[in-house]
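Written out below as structure tokens is the structure these notes cover.
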Amino acid sequence: MHMLKGRERELAYLNKEYQSGSDRLLVLYGQKDVGKTALLAAFTEDKKVFYYQAEEGSERQQLYLIGRQLQRIGFSLPLYPTYEEVFQCLDRKLLVIDEFQYLLKTGNGFVQALDSFLQNKTDPCMVLLCSSSISFVENHMVAKLGKLAHKLTGFLKLKELQLWDVAAYFPDYSREDCVKVYAILGGLPGLWQAFDPAVSVSENICRVLLSPGGRLREEGAHIVSRQLRECGVYFSILGALAQGKNKLNELYQHTGFSRAKISVYLKNLMELELVEKVFSLDTPGRDNQRKAVYRISHPLVRFWFCFLYADSSLLLRMTPLAYYEQLVEPALTIYCESCFSKVCQEYMQRENARHSLPIEITEFGSFAGKAGSIDYIGHNESGRYIVAFADYRDPVFLYEKYLQAKALTGQAGIRPDYMYLFSGHSFDAKLEALEKELDTLILIRMDDL
793 MHMLKGRERE LAYLNKEYQS GSDRLLVLYG QKDVGKTALL AAFTEDKKVF YYQAEEGSER
853 QQLYLIGRQL QRIGFSLPLY PTYEEVFQCL DRKLLVIDEF QYLLKTGNGF VQALDSFLQN
913 KTDPCMVLLC SSSISFVENH MVAKLGKLAH KLTGFLKLKE LQLWDVAAYF PDYSREDCVK
973 VYAILGGLPG LWQAFDPAVS VSENICRVLL SPGGRLREEG AHIVSRQLRE CGVYFSILGA
1033 LAQGKNKLNE LYQHTGFSRA KISVYLKNLM ELELVEKVFS LDTPGRDNQR KAVYRISHPL
1093 VRFWFCFLYA DSSLLLRMTP LAYYEQLVEP ALTIYCESCF SKVCQEYMQR ENARHSLPIE
1153 ITEFGSFAGK AGSIDYIGHN ESGRYIVAFA DYRDPVFLYE KYLQAKALTG QAGIRPDYMY
1213 LFSGHSFDAK LEALEKELDT LILIRMDDL
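My numbering numbers the first residue of the sequence shown as 793 and each following residue consecutively.
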């Protein structure tokens, strides 16, 4: 199953829980398009399961819909059954309730009936509650479940896949093209499906994101509007962030909203994982740090607000290709820089998990200094440091940039034991020669990723 690549660990976890021989009540959640449906399909394909996907609606409507599904598979139920009557029909070893937040939002009937079902059944059963609403699960679910929350036996949050998963999905793309896809669509395989691997990235952008009726033309806006009201306020804040106004005072000056109002709306955006607040790792050079900044964290939302939102009038008047060549392509390399920095961090953490780094890292982060940034800082419990710098924009990572990187570590107040340099293209000969001399300098090329 193509979309399941990269989810082997999650599938193994679910199967282990299923085979435990005891009652299991688990929550599986992750943002839309992260691959939850594909994981569920792979997990349930060889099992006797009752699967139900809830929709928005009143409690009476929910019962009508779930009752209708049970009637279709042979159960005799009233037109509007009770939840107790519904659960009397569910004798399967595996129950999957997808988008379960819709059932909890209408009242406590579902929770009470599920609690009673778990108490009174005789055979072991696994109940898997699934949701694509991260905010609901992490901020409201426990209160809605009440005492049933104490019976939860596990949580599984599906996180975005990473660059190497993109490369596996688009095997004919160059490494640079895979970075572009990752910067635009992130690690969300549900979005990758919109791109045709047989055509170029630029053609996919024109077809899917810039053409009228393109599958993802308005999806960046819809991701926000589906989950939030007062879109005018949110769009103003996101539009400002897309223009690089990433401090609270800059947002205040641009939008005219009060700082208190902006803070509330940013909090809501962060709960939905559409925006993140980025802090520097605490180091002895904290006096040289910049204050925390906000940035759009959802890749497609970021692309939409960076390239489509502000110039929508031009998009309507120009051909997709002309718009791409004039407004997207010239800025795409700079746009991908922050993504390449993220790739650098993911690579370092992957190698740390494999125990492949010269130091076992116990805490990591980045450093945003007044004179420049360190993409990755990690240290162990003894205070030994590894730092990493990423350069995607320049065709060659120059020796002079290495010297600047060394100076930045001094501003951070640390003396790193090892330095990793990441290039989106190549390194100059002087750096390659230095790597052979120094065991403490490691150069990482695109193919190494």
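The beta carbon of each residue, even a glycine, is placed where N, CA and C say it ideally should be. A quick note: this is a predicted structure, and the numbers were derived from the prediction, not measured.
Pull up the distance between the alpha-carbon of residue i and that of residue j, whole angstroms please.
i       : j       : result
VAL929  : GLU1227 : 47 Å
SER925  : VAL919  : 18 Å
GLN1203 : GLY1077 : 6 Å
LEU1251 : LYS1134 : Past the edges of the chain, shown from 793 to 1241, lies residue 1251, and the structure says nothing about it.
VAL971  : ARG1087 : 19 Å
GLU1065 : ILE976  : 16 Å
TYR1191 : LYS897  : 58 Å
GLY866  : LEU937  : 30 Å
PHE892  : ALA1163 : 48 Å
SER1215 : TYR894  : 46 Å
ALA1221 : LEU955  : 27 Å
TYR1081 : VAL903  : According to the sequence shown, residue 1081 is Gln rather than Tyr. C-alpha separation (whole angstroms): 48 Å.
VAL946  : GLN854  : The amino acid at residue 946 is misidentified as Val; the sequence shows Gly. Going by the C-alpha atoms only, they are around 26 Å apart.
MET793  : ALA834  : For MET793, the predicted model reports a pLDDT of 40, less than 50, meaning its position is unreliable and no value from the coordinates is stated.
GLN1045 : VAL973  : 33 Å
PRO1208 : VAL1179 : 6 Å
LYS987  : ASN996  : The question names Lys, but residue 987 in the sequence shown is Phe. Going by the C-alpha atoms only, they are around 6 Å apart.
ARG1021 : LEU1230 : 56 Å
LEU832  : TYR805  : 12 Å
MET795  : ILE1126 : With a pLDDT of only 46 at MET795, under 50, the local geometry of the prediction cannot be trusted, and the value read off the model is given with reservation. Cα-Cα distance, rounded: 29 Å.
PHE1095 : LEU940  : 40 Å
ALA963  : GLN985  : Here residue 963 turns out to be Pro, not Ala, going by the sequence shown. In a straight line, the C-alpha of PRO963 is about 14 Å away from that of GLN985.
My guess is that residue i and residue j are in contact by the Cβ rule of under 8 Å, so how many angstroms apart are they, rounded?
i       : j       : result
CYS1136 : ASP1186 : Actually they are not in contact, since the Cβ atoms of CYS1136 and ASP1186 sit about 15 Å apart, beyond 8 Å.
LEU1073 : PHE1181 : Incorrect: roughly 15 Å between the Cβ atoms, too far for contact.
PHE1049 : VAL1016 : About 16 Å; that fails the 8 Å criterion.
GLY827  : LEU950  : 6 Å
VAL1067 : LEU1061 : 4 Å
ARG1010 : GLY978  : In the sequence on display, residue 1010 carries Glu and not Arg. That pair is no contact at about 17 Å.
ALA1032 : TYR1101 : The pair is not a contact, with the Cβ atoms about 11 Å apart (cut-off 8 Å).
LEU1243 : PHE1099 : Within the shown structure, residues of the chain are numbered from 793 to 1241, placing residue 1243 beyond reach of any answer.
LYS839  : LEU803  : About 12 Å; that fails the 8 Å criterion.
LYS797  : ASP957  : 6 Å
SER1003 : TYR1116 : At roughly 10 Å, the Cβ-Cβ gap does not stay under 8 Å, so SER1003 and TYR1116 are not in contact.
How about residue i and residue j: do their beta carbons lie closer than 8 Å?
i       : j       : result
LYS943  : LEU910  : yes
ILE1029 : LEU1040 : no
LEU871  : TYR856  : yes
GLY859  : VAL841  : no
SER966  : GLU1063 : no
GLY843  : ASP907  : One detail in the question is off: residue 843 reads as Tyr in this sequence, not Gly. No, the Cβ-Cβ distance between TYR843 and ASP907 is not below 8 Å.
LEU1223 : LEU1241 : no
GLU851  : GLY899  : yes
LEU1092 : GLY1012 : yes
CYS881  : ASP815  : no
TYR1210 : ILE1151 : yes
ASP825  : GLY982  : yes
LEU1001 : LEU818  : no
TYR875  : ALA905  : yes
TYR1184 : CYS1128 : yes
GLU1173 : THR1154 : yes
SER923  : TYR821  : yes
Hey, could you find the ends of the alpha helix (DSSP H) residue i is sitting in?
i       : result
GLN1203 : 1191-1203
PHE835  : 828-836
ASP957  : 955-961
GLU879  : The sequence given here places Phe at residue 879; Glu does not occur at that position. 875-880 is the extent of the alpha helix (DSSP H) around PHE879.
ASP907  : 901-912
PHE928  : 926-931
THR969  : Per the sequence shown, residue 969 should be read as Asp rather than Thr. Counting along the chain, the alpha helix (DSSP H) containing ASP969 begins and ends at 967-977.
GLN853  : 851-864
ALA846  : Counting along the chain, ALA846 falls outside any alpha helix (DSSP H), and DSSP gives it neither H nor E.
LEU1241 : Unbroken run through LEU1241: none, as it is neither H nor E.
GLY1031 : 1023-1034
LEU895  : 893-897
TYR1044 : 1040-1047
LEU1226 : 1221-1229
GLY982  : 981-984
ILE1015 : 1011-1017
SER994  : 993-996
Ends of the beta strand (DSSP E) at residue i?
i       : result
HIS1171 : 1165-1171
GLU1155 : 1155-1160
ARG816  : 816-821
ALA804  : From DSSP, ALA804 is part of no beta strand (DSSP E) but of the alpha helix (DSSP H) over 800-810.
VAL919  : 918-923
SER755  : The structure shown has nothing for residue 755, since the chain only spans 793 to 1241.
ALA1180 : 1177-1183
SER1215 : 1210-1215
ILE1151 : Counting along the chain, ILE1151 falls outside any beta strand (DSSP E), and DSSP gives it neither H nor E.
ILE1236 : 1233-1236
Distance cutoff 8 Å, beta carbons only. Does residue i sit that close to anything in chain C?
i      : result
GLU837 : Absence of chain C from the displayed structure is noted, only one protein chain being present.
Sequence ranges, beta strand (DSSP E) only - wholly within the region 1064-1133, length at least 3: 1067-1070, 1085-1088
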